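Chemist: For the record, in the sequence shown the residue sitting at position 195 is 210 according to my numbering, with numbers rising by one throughout. Virtual Cβ for every residue (Gly too), placed ideally from N, Cα, C. None of these values were measured; they are calculated from a predicted model. Mind having a look at this structure? Questions to follow.
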Amino acid sequence: MKTLSIFLMFIALSLTAVGQLSLSGDVLIRSEYRHGYRRLPLPEEEAAAFVGQRSRLILDFKADRVTSKLSFQDVRTWGQDEQRVHRPALDLHEAWVQLAITDSLLLRAGRQEIRYGNQRFFGINDWSFPGQKHDALFLRYIGRRSEFQVVAAFNQSSIRLFETDYRVNNYKTLNTIYYRTRLGQNFTMSLMGVADGFQNPDNPELHHVRATWIPHFEYRAGDFLFTLNPAFQHGRNRLGTEVNAWYLMGSVTARFSPQTTSMLGVEIFSGNDALQPDAIERGFDFLYGASHRFLGYMDYFTRMPLDARGAGLISPHLRTEFRFSPKTRLDLDLHVFFLQNNFLHQGASINKYLGTEIDAKFYYNFNDITQLALGYSIMFGSESMEVIKGGSNEEFAHWAFVMLRFRPKFL
């Protein structure tokens with residue numbers, strides 16, 4: 016890391032003469048206590064505790080119509096290496112170049128973070144230590160009231176002489192279109208289409224493509240914001256199974272005062288009916304979106320449809336944000352989980368109620384570049400949660416964390 020820092024400083028001094036350059040950092044240190052995180056605990060299981068750290072060094076450059084970004088990161092758990100053992104662990108998080116073809120048309124190529132709207136379907140997954148990025152071509156047109164974006168990607172595991180055999184657990188091709196426009200002063204609409212393709216694990220000659228269509232609507236009326244987000248999925252998944260699935264999110268956000276905001280909403284993921292099985296996959300997959308911020312901080316349902324055993328999920332939720340001062344904020348969330356469809360266990364359909372989660376998260380900003388966050392969550396799981404996720408609902412399931420984030424500007 017020291018050698019890299021010196022190298023980047025040398026580049027910075029060289030490039031400052033020809034354009035605008037900035038060098039910044041992002042250090043995230045998070046300690047966690049886990050006894051029921053991601054699944055219910057068993058009586059014989061002890062709690063886990065660890066400290067994780069992600070350190071990023073970020074170089075941004077702009078000259079004329081060219082913008083570029085390089086971001087290196089090191090991700091580790093404290094104590095994972097012996098003190099006198101060197102284990103290279105540096106990762107290239109972002110490396111892209113963007114050309115402003117005109118004032119409204121931008122073309123970006125390289126490894127980059129991709130996010131859309133609330134990040135439900137494409138997000139940067141910043142809670143995860145490694146984060147999320149894509150090797151892709153990105154085209155963006157910005158109009159007066161609307162914008163249009165296109166993403167294209169073709170993945171290979173190495174430079175090859177023949178064939179395109181791709182056996183990495185990832186999409187092989189990705190194509191997205193995104194259109195967002197403002198229809199009046201208070202109404203915003205976006206439409207997104209995603210086609211992700213996968214190589215058949217048993218036959219490299221077969222390429223399965225799944226299509227997802229995602230409209231999103233927002234209407235603001237005074238202190239209220241109404242959101243509706245349906246989605247539809249069809250085609251074939253990575254195993255070649257036919258897909259016919261759907262998703263629905265609806266919410267109402269109310270601002271009661273400058274200090275207090277509440278959001279009442281529900282997310283529904285379609286699922287397979289065990290009482291009427293067929294050869295079609297009806298479990299909805301939310302693609303490459305953020306996983307931690309939506310269905311509770313304890314992350315019981317971050318890999319849909321897998322985490323609901325293919326039966327789908329219904330999750331009403333209430334979130335309230337309190338801002339005590341410009342530096343302090345408290346978030347209180349309530350999530351209730353139900354299976355969307357029938358699931359059989361020992362020959363009988365289980366109760367669809369899975370459990371209730373309560374999350375509390377407190378933020379304190381020391382200054383513009385340093386933030387402290389603390390969180391505590393409890394899961395009240397049912398017997399059905401035992402069946403779906405494992406563990407015992409008689410054990411107390413809870414999770415806590417303390418996180419410090421430092422984002423300095425070096426140049």
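Taking 8 Å as the threshold (C-beta atoms), are L328 and M319 in contact?
Modeler: Yes, the Cβ-Cβ distance between M319 and L328 is below 8 Å.
Chemist: Write down the C-beta distance between Y303 and F136 rounded to the nearest angstrom, noting that I regard them as a contact closer than 8 Å.
Modeler: So it is a contact: roughly 7 Å between Cβ atoms.
Chemist: Would L240 pass as a contact of T203 if the rule is Cβ separation under 8 Å?
Modeler: Not a contact, by the Cβ cut-off of 8 Å.
Chemist: Can you list, in chain order, the residues of its chain with a C-beta nearer than 7 Å to that of R251? Leave out the 5 residues immediately preceding and following it.
Modeler: Same-chain partners within the cutoff: H223, V224, R225, E257 and V258.
Chemist: First and last residue of the alpha helix (DSSP H) that includes M400?
Modeler: It spans E398 to K404 - the alpha helix (DSSP H) in which M400 sits, taken as one unbroken run.
Chemist: Note down the Cα distance separating R338 from Y379, rounded to an integer number of angstroms.
Modeler: When rounded, the distance between both Cα atoms is 10 Å.
Chemist: Who are the Cβ neighbours of A110 in its own chain at under 7 Å, not counting the five residues just before and after it?
Modeler: Only L85, G125 and R126 meet the Cβ criterion.
Chemist: What is the C-beta distance between R69 and Q88, in whole angstroms, given that I count them as a contact (C-beta under 8 Å)?
Modeler: Rounded, the Cβ-Cβ distance is 6 Å, consistent with contact.
Chemist: Alpha carbon to alpha carbon, how far is A168 from D150? Give it in angstroms, no decimals.
Modeler: Cα to Cα, D150 sits roughly 7 Å from A168.
Chemist: Quick test of your reading: L36 and D79, contact by CB under 8 Å. State the CB separation rounded to the nearest angstrom.
Modeler: Actually they do not touch by this definition, with Cβ atoms about 13 Å apart.
Chemist: With distances taken Cα to Cα, identify the nearest neighbour of Q134 among K148, L122 and A323.
Modeler: When only C-alpha atoms are compared, the closest one is K148.
Chemist: Below 8 Å, can you find three or more Cβ-Cβ pairs linking the segment 267-282 to the segment 115-122?
Modeler: As far as the Cβ criterion goes, the segment 267-282 does not touch the segment 115-122, which means the pair count is below three.
Chemist: Count the other CB atoms within 10 Å of the CB of H231; is the residue buried (16 or more) or exposed (fewer)?
Modeler: H231 should be labelled buried.
Chemist: For V165, collect the residues of the same chain with a Cβ closer than 6 Å to its Cβ; drop the 5 residues on either side in sequence, then sort them by chain order.
Modeler: Excluding residues within five positions, the ones whose Cβ falls inside 6 Å are L154 and I192.
Chemist: Using only the alpha-carbon positions, how far apart do R344 and R160 sit?
Modeler: Taking the straight line joining both Cα atoms gives about 33 Å.
Chemist: As an exercise, report each continuous beta strand (DSSP E) stretch of at least 3 residues that is fully enclosed by the segment 105-133, in chain order.
Modeler: Taking only runs of at least 3 residues, the beta strand (DSSP E) segments lying wholly in the segment 105-133 are 105-115 and 120-127.
Chemist: Closest to G3 by C-alpha separation, out of H249, R175 and G237, would be which residue?
Modeler: There is no way to answer for residue 3, as the model of the chain reaches only from 16 to 426.
Chemist: Which same chain residues, not among the five before or five after I373, have their C-beta less than 7 Å away from its C-beta?
Modeler: Here the set comprises L349, S392 and I393.
Chemist: Give the range of the beta strand (DSSP E) segment to which G212 is assigned.
Modeler: Unbroken beta strand (DSSP E) run through G212: F202 to Q214.
Chemist: With a threshold of 8 Å, are at least 3 pairs of Cβ atoms found where one atom belongs to the segment 398-405 and the other to the segment 375-390?
Modeler: No contact exists between the segment 398-405 and the segment 375-390.
Chemist: Buried or exposed: where does D383 fall if 16 or more other Cβ atoms within 10 Å of its Cβ makes it buried?
Modeler: Exposed is the call here.
Chemist: Per the DSSP calculation, G280 is bridged to which residue(s)?
Modeler: Looking at the DSSP assignment, G280 forms a beta bridge with S266 and H332.
Chemist: Helix, strand or coil for D75 per DSSP?
Modeler: Three-state DSSP puts D75 in a strand.
Chemist: In chain order, what residues of the same chain have a beta carbon less than 6 Å from the beta carbon of E61, not counting five sequence neighbours either side?
Modeler: Once the five neighbours on either side are set aside, E61 has no close Cβ partner at all.
Chemist: So is H108 buried or exposed if we call it buried at 16+ other beta carbons inside 10 Å?
Modeler: Classification for H108: buried.
Chemist: Pull the bridge partners of Q95 from the DSSP assignment, please.
Modeler: Paired residue(s): none; Q95 is not in a bridge.
Chemist: Based on the DSSP secondary-structure assignment, which residues constitute the bridge partners of Y391?
Modeler: Beta-bridge pairing links Y391 to A375 and A415.
Chemist: Taking only the alpha-carbon atoms, compute the straight-line gap between L189 and E410 and give it to the nearest angstrom.
Modeler: Each residue's alpha carbon lies about 43 Å from the other.
Chemist: Considering only their Cβ atoms, is the gap separating A326 from L347 smaller than 8 Å?
Modeler: Not in contact: L347 and A326 (Cβ atoms no closer than 8 Å).
Chemist: Using the DSSP secondary-structure output, state which residues sit across from P292 in a beta bridge.
Modeler: None; P292 has no bridge partner.
Chemist: List the endpoints of the continuous beta strand (DSSP E) containing W228.
Modeler: That run of the beta strand (DSSP E) goes H222 to A236.
Chemist: Could you tell me the alpha carbon to alpha carbon distance between P145 and E162, rounded to whole angstroms?
Modeler: Approximately 30 Å between the Cα atoms of the pair.
Chemist: How many Å lie between W142 and G67 at the Cα?
Modeler: C-alpha separation (whole angstroms): 11 Å.
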